[in-house]
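> Counting along the sequence shown from 1, when you hit position 209 you're at 209 in the UniProt record's numbering, and nothing is skipped either side. Don't be surprised by glycine CBs; every beta carbon is placed ideally from N, CA and C. Structure incoming, see below.
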Amino acid sequence: MTTPTPELAALDRLTSGRSTCRAYRHDALDVELIRSIVAMASRSASWCNVQPWQLVITETAESTGRFREALMQRVQDHPENESDLPFPPSYQGIYGERRRGAGIALYASLGIGPKDRERSAEQAFRNFRLFDAPHVAIVTVPAELGPYALVDAGGFVSSFLLAAYAHGVATTPQGALARHAHFVRDYFDIPDTQHMICAISFGYAEDEHPVNRFRTTRAGVDDLTRFA
């Protein structure tokens, strides 16, 4: 039996309330607010306290806009994958079912049918518009540290999302930008000794937009746990 505590209630509100935002207001955040989010996220657990995560964050809406325009042009001109890390060639079994289910539900929230390829492609391309967010963070780790740096980075990303939500800030973790890692690293002068993991677009949510009412489902405890 779990004993209710203020800490438990607070964590439950954060993990239950956070969701991926796909429509933002244009208001930029104060840099001290961004720094507070990063400081809170930086307390993430790290193997041997290595703390391999590194961030580049666009400070103003104008700098984000310049990157957005350059990124969209790059994706249109060079749509091929140039990721630092391999993407799965396919999603099979339950993983494919979850992925398809999430996509169908997302598009349904926007009135896009499963056979409407044109509108679904337009929505997918909004990844590269950063969903009109006023800021984006690029997350990298040193290439030399290998897979366990990715584990640490994943923990940091999760902490960043929750810290942002606790500050009233919406987020969008984006693997799509990692498909264009070489361009992103060149744009922000990130050395090739760093591997790009993902981007996180963030800002204030456009709460009334229907896409922001969409929620994914989660597997139950018995689906992901085996007690031995």
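Taking only runs of the alpha helix (DSSP H) that begin and end inside the stretch 171-218, which ones reach a length of at least 4 residues, in chain order?
181-187
> Give the single residue among Gln51, Met40, Asp192 and Ala199 whose Cα lies nearest to the Cα of alanine 133.
That would be Ala199, whose Cα lies nearest to the Cα of alanine 133.
> Going by beta-carbon coordinates alone, are phenylalanine 131 and cysteine 21 separated by less than 8 angstroms?
Yes; because the gap between Cβ atoms is below 8 angstroms, this pair is in contact.
> For arginine 185, is the classification buried or exposed, using 16 other Cβ atoms within 10 angstroms of its Cβ as the cut-off for buried?
buried
> Any idea what DSSP makes of tyrosine 107, helix, strand or coil?
helix
> Compare the C-alpha of alanine 23 against each of Ala205, Val221 and Phe214 and name the closest.
Ala205
> Output the residue ranges of the beta strand (DSSP E) runs that lie fully inside the stretch 43-87 and measure 3 residues or longer, sorted by chain position.
54-57
> For valine 75, tell me which candidate among Gly93, Leu145, His180 and Glu62 has the shortest Cα-Cα distance.
The shortest C-alpha separation from valine 75 is found at His180.
> Any idea what DSSP makes of residue 236, helix, strand or coil?
Since the displayed the chain opens at 1 and closes at 228, residue 236 lies outside it and no answer follows.
> Suppose only complete runs of 4+ residues qualify. What are the alpha helix (DSSP H) ranges in the stretch 114-147, listed by chain order?
117-125
> Taking the Cβ atom as the reference point for each residue, do aspartate 152 and proline 86 lie within a distance shorter than 8 angstroms?
no
> Using the Cα positions of asparagine 127 and alanine 170, report the straight-line distance between them to the nearest angstrom.
15 angstroms
> Tell me tyrosine 24's beta-bridge partners as DSSP assigns them.
According to DSSP, which records beta bridges pairwise, tyrosine 24 is partnered with Ala205.
> Locate the alpha helix (DSSP H) running through isoleucine 112, then write down its first and last residues.
Taken as a continuous stretch (DSSP letters only), isoleucine 112 belongs to no alpha helix (DSSP H), as it is neither H nor E.
> What residues in its chain sit with their C-beta under 7 angstroms from that of valine 38, if we drop five residues either side in the sequence?
Leu55
> So leucine 161 and arginine 18 are supposed to be a Cβ contact under 8 angstroms. How far apart are they, rounded?
6 angstroms
> Take the Cβ of threonine 64 as the centre, count every other Cβ of all protein chains shown within 10 Å, and call the residue buried at 16 or more, exposed below.
Threonine 64 should be labelled buried.
> Look at the alpha carbon of methionine 196 and the alpha carbon of tyrosine 107, and state the distance between them as a whole number of angstroms.
Cα-Cα distance, rounded: 28 angstroms.
> Going by Cα to Cα distance, which pick from Ala143, Ser201 and Ala70 is closest to arginine 25?
Ser201
> Is it buried or exposed, residue 235, if we count other Cβ atoms within 10 angstroms and call 16 or more buried?
Nothing can be reported for residue 235, as the shown portion of the chain is limited to 1 through 228.
> Could you tell me whether the Cβ atoms of valine 139 and valine 157 are closer together than 8 angstroms?
yes
> Just tell me which of Asp192, Glu80, Ser46 and Glu59 has its CA closest to the CA of glycine 154.
Ser46
> Can you tell me whether threonine 15 is helix, strand or coil according to DSSP?
helix
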